[in-house]
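Trainee: This is the structure I want to talk about, given as structure tokens.
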Amino acid sequence: MTKKGQSVTILVAEDDEDDRMLMQDALEENRLANDLHFVCDGEELMDYLRHRGQYSDPKVAPRPSLILLDLNMPRKDGREALKEIKSDPALRQIPVVVLTTSKAEEDILRTYDLGVSSFIAKPVIFESMVQIIKALGKYWFEIVELPDKK
Numbered sequence: 011m012t013k014k015g016q017s018v019t020i021l022v023a024e025d026d027e028d029d030r031m032l033m034q035d036a037l038e039e040n041r042l043a044n045d046l047h048f049v050c051d052g053e054e055l056m057d058y059l060r061h062r063g064q065y066s067d068p069k070v071a072p073r074p075s076l077i078l079l080d081l082n083m084p085r086k087d088g089r090e091a092l093k094e095i096k097s098d099p100a101l102r103q104i105p106v107v108v109l110t111t112s113k114a115e116e117d118i119l120r121t122y123d124l125g126v127s128s129f130i131a132k133p134v135i136f137e138s139m140v141q142i143i144k145a146l147g148k149y150w151f152e153i154v155e156l157p158d159k160k
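So the sequence shown is numbered by the numbering used here: it starts at 11 and just counts up by one.
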């Protein structure tokens, strides 16, 4: 499900194992799991993006086409990671979609102020997650023009 046969790398920052499995199944259902990577918190997300530690090899940690970001994670939460991503000239072009259980108006406003591309309340029902992932896939990988990976 990609335009012009481009390779799509999706990076999911999610600390909850059940939510990771739900997202992976929904991505597979929509044929978007070809190059799927998971990190468990904001620190690991930044290590991945900056090729530090276990992610020092770019083949292990390719530049993502899209980041799906949970807000409430240990060590460094999604808000802090988003602020770092969007303040870094080497990373700010990567689209970030917040996918979280939070529906707090403060979180919505703050993440948009920080430069998030979209804010989506995470569904708990698999069929709803499949529909959200389908819409995300269509929008980000069929409709939108993304910059070439660097």
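Virtual Cβ for every residue (Gly too), placed ideally from N, Cα, C. All values reported here derive from a predicted model rather than from experimental measurement.
Could you check which residue in L81, K69 and R73 has the C-alpha nearest to that of I130?
Mentor: Nearest C-alpha to I130: L81.
Trainee: CB-CB under 6 Å to Q182, same chain, minus the five flanking residues each way: which ones, in chain order?
Mentor: This structure does not reach residue 182, given that the chain is present from 11 up to 160, and the question cannot be answered.
Trainee: Measuring straight from C-alpha to C-alpha, what distance separates S138 and S66?
Mentor: Each residue's Cα considered, the two are about 36 Å apart.
Trainee: How long is the line joining the alpha carbons of D45 and D25, rounded to whole angstroms?
Mentor: Near 19 Å, if we compare the C-alpha coordinates of D25 and D45.
Trainee: Would you tell me roughly how many angstroms separate the C-alpha atoms of V134 and M31, rounded to the nearest one?
Mentor: If I take the Cα positions, the gap works out to 12 Å.
Trainee: Given this structure, state the Cα-to-Cα distance separating L109 from T121, to the nearest angstrom.
Mentor: Approximately 11 Å between the Cα atoms of the pair.
Trainee: Looking only at its chain, what residues have a beta carbon closer than 8 Å to the beta carbon of P68, apart from the 5 residues adjacent to it on each side?
Mentor: The answer, listed in chain order, is H61.
Trainee: Determine whether the beta carbon atoms of H47 and L21 lie at a separation below 7 Å.
Mentor: Against a cut-off of 7 Å, the Cβ pair of L21 and H47 comes out as a contact.
Trainee: With a threshold of 6 Å on Cβ separation, who are the neighbours of D57 within its own chain once the five nearest residues in sequence on each side are excluded?
Mentor: Cβ neighbours of D57 beyond the five flanking positions: G63 and Y65.
Trainee: K132: beta carbon under 6 Å from a heavy atom of the ligand NAD?
Mentor: With respect to the ligand NAD, the structure offers nothing, as it holds no ligand at all.
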